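**Student:**
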Ligand code: SF4
């Protein structure tokens, strides 16, 4: 269509002067006064962020169509307007009432007729429309007002970052007061999560750690609503999120690590996505206990699943899978037999990384009222027994890595060594890989945030030692 689309330069650079010019957005506003107010709000936000409005399809880098879906004639008018914008410009974002409408078979009307639109939202969706605009037409950088980088302010080192996908929790575990503080599960829109992930990768992040209170429940609160990412429909669901993050991680040669994954049946679908090493074969599953009666008293989610069978099946699917978990010893009413059951579970499941806490009452938790509290010294003694067993398991599993070549991400370089982490090591909570620096000058120079392939030479119960392969 236009000059700008044929122009090989980014649209925000003037071809003659090299100066930044503001990207231009065309706007078609249809429908009632409520839709008009939505249009005004979107245009206000566009202007506030430095975008210009274009008066013709030719002069626009992207077009937004605000639709109406009230009566048949309005639907047709909206569909025609979208078709015209696609034909004349090609980059089209759709918002408004028709965006929320489905046909008799339950399919989205707009994407059925116009599958090439970049994104679709319903009415009153200024933030979602702006997110789509940012994805397809990055906003101009203004050094006088842009004090915050695209990826936000981060407290982690430059090469890894946490990606929070939801807030709150729908469960009511009897030892926990998080839901009373943070409320029920609220999933972030999928396009927002993926935009943040891409911005972080663009900013140099090499490892993204997905966090929430319950990662497996992502999207439950919005009934796994379909969102749009890069013009394609994508469900607000853990599997599709992991799939999309895997694509981004491959594109930017980075890692994605999953935390707080409850072992619901659909987690099985995530294991095959870990095959190429970008979605790491690592699951952080806070199990808390293994005995069904204790789990019942804890009111744990997914306590009815056959966790041991599932873990063994996952390991068959991906023998490199690392499992991290946390457990509570001495929960109210825990008998010696129930505790022994937990130890047997650990022996069989061979959990790679484990944290164990002696039960400690939290003010406001319903577990405090449970019968038969376990005396403090017994709680502590049981915790110590778990940790002793875990040291044995961990040492054996790490020993099996000696002689193997593994990929590490370098976290630190000092005069004696570089310290990295493998797929099996999340920052702060797991072990590390000590990498001996080469004695040959110039060889095997390692830098923070760099991946390196190393050969494991030694292991203890927590860490590995290695040399550059
Ligand atoms: S411990 Fe239970 S209630 Fe607390 S955040 Fe986790 S799943 Fe939700």
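Residue numbers (the working numbering): 5 to 473.
Don't be surprised by glycine CBs; every beta carbon is placed ideally from N, CA and C.
Computed from a predicted model, the values in this text were never measured in an experiment.
Per DSSP, residue 70 forms a beta bridge with which residues?
**Tutor:** 33, 99
**Student:** Return the residue from the list 462, 424, 39, 435 that minimises the CA-CA distance to residue 456.
**Tutor:** 424
**Student:** Compare the beta carbon distance of residue 436 and residue 458 with 7 Å and say whether it is the shorter of the two.
**Tutor:** no
**Student:** Go to residue 425, then tell me how far its beta strand (DSSP E) extends in each direction, as first and last residue.
**Tutor:** Where residue 425 is concerned, the enclosing beta strand (DSSP E) stretches over 421–425.
**Student:** Assuming the contact rule is C-beta atoms closer than 8 Å, residue 389 and residue 356 should be a hit. Round their C-beta distance to whole Å, please.
**Tutor:** With a Cβ gap of about 19 Å, residue 389 and residue 356 do not count as contacting.
**Student:** Give me the residue from 227, 200, 164, 197 with the minimum Cα distance to residue 210.
**Tutor:** 164
**Student:** Determine the direct distance from the alpha carbon of residue 33 to that of residue 97, and round the result to whole angstroms.
**Tutor:** 12 Å
**Student:** Out of 292, 54, 259, 293, which has the shortest C-alpha to C-alpha gap to residue 286?
**Tutor:** Comparing Cα-Cα distances from residue 286 to each of 292, 54, 259, 293, the minimum goes to 259.
**Student:** Quick one: Cα of residue 449 to Cα of residue 240, how far?
**Tutor:** 42 Å
**Student:** Among 169, 93, 118, whose alpha-carbon lies nearest the alpha-carbon of residue 102?
**Tutor:** 118
**Student:** Looking at the secondary structure, which residues open and close the alpha helix (DSSP H) in which residue 345 lies?
**Tutor:** 340–353
**Student:** Rounded to a whole number of angstroms, what is the C-alpha to C-alpha distance between residue 236 and residue 415?
**Tutor:** 35 Å
**Student:** Among 431, 413, 429, which residue has its Cα nearest to the Cα of residue 451?
**Tutor:** 413
**Student:** Please say whether residue 345 and residue 295 have beta carbons closer to each other than 7 Å?
**Tutor:** Yes, these two residues count as a Cβ contact at 7 Å.
**Student:** State the DSSP-derived secondary structure class of residue 444, mapped to helix, strand or coil.
**Tutor:** Residue placement at residue 444 cannot be trusted, given a pLDDT of 47 that sits under 50; what the coordinates show is reported in the next sentence. Three-state result, residue 444: coil.
**Student:** Residue 326: which of 100, 398, 120 sits nearest, CA to CA?
**Tutor:** 398
**Student:** Determine whether the Cβ of residue 257 lies closer than 7 Å to any Cβ atom of chain C.
**Tutor:** Of the protein chains in the structure, only one exists, and it is not chain C.
**Student:** Whose C-beta lies closer than 7 Å to the C-beta of residue 410 among residues of the same chain, with five residues either side of it excluded?
**Tutor:** 426, 458, 460
**Student:** For residue 465, which residues in the same chain have their Cβ closer than 6 Å to its Cβ, ignoring the five residues on either side in sequence?
**Tutor:** 395, 398, 399
**Student:** Count the other CB atoms within 10 Å of the CB of residue 367; is the residue buried (16 or more) or exposed (fewer)?
**Tutor:** The residue is exposed, with fewer than 16 neighbouring Cβ atoms inside 10 Å.
**Student:** So the candidates are 175, 196, 216; which of them puts its Cα closest to the Cα of residue 129?
**Tutor:** 196
**Student:** Taking only runs that begin and end inside the stretch 137–220, name each unbroken alpha helix (DSSP H) of 4 or more residues, in chain order.
**Tutor:** 182–186, 194–206
**Student:** Straight-line CA distance for residue 59 to residue 319?
**Tutor:** 59 Å
**Student:** List, from N- to C-terminal side, the beta strand (DSSP E) runs of 3 residues or more that fit wholly inside the stretch 264–313.
**Tutor:** The stretch 264–313 contains these whole beta strand (DSSP E) runs: 283–288.
**Student:** What residue does the alpha helix (DSSP H) around residue 398 start on, and which one ends it?
**Tutor:** 380–403
**Student:** What are the residues that DSSP puts in a beta bridge with residue 416?
**Tutor:** Bridge partners of residue 416: 423.
**Student:** Which residue comes first and which comes last in the alpha helix (DSSP H) that contains residue 453?
**Tutor:** Segment: none, residue 453 is in no alpha helix (DSSP H) and carries neither H nor E.
**Student:** Please say whether residue 63 and residue 26 have beta carbons closer to each other than 7 Å?
**Tutor:** no
**Student:** Measuring only from the beta carbon, is residue 175 closer than 6 Å to any heavy atom that is part of ligand 1?
**Tutor:** yes
**Student:** Would residue 31 and residue 68 qualify as a contact pair, given that the criterion is a beta-carbon distance under 7 Å?
**Tutor:** Contact flag set, yes.
**Student:** Would you kindly work out how many angstroms separate the C-alpha atoms of residue 249 and residue 201, rounded to a whole number?
**Tutor:** 7 Å
**Student:** Going by C-alpha to C-alpha distance, which of 391, 263, 40 sits closest to residue 220?
**Tutor:** 263
**Student:** Name the DSSP bridge partner or partners of residue 359?
**Tutor:** Within the DSSP secondary-structure output, residue 359 pairs in a beta bridge with 330.
**Student:** Buried or exposed: where does residue 339 fall if 16 or more other Cβ atoms within 10 Å of its Cβ makes it buried?
**Tutor:** exposed
**Student:** How many Å lie between residue 476 and residue 276 at the Cα?
**Tutor:** An answer regarding residue 476 cannot be provided, because it is not within the stretch 5 to 473 covered by the chain.
**Student:** Out of 186, 441, 370, point me to the one whose CA is closest to residue 422's CA.
**Tutor:** 441
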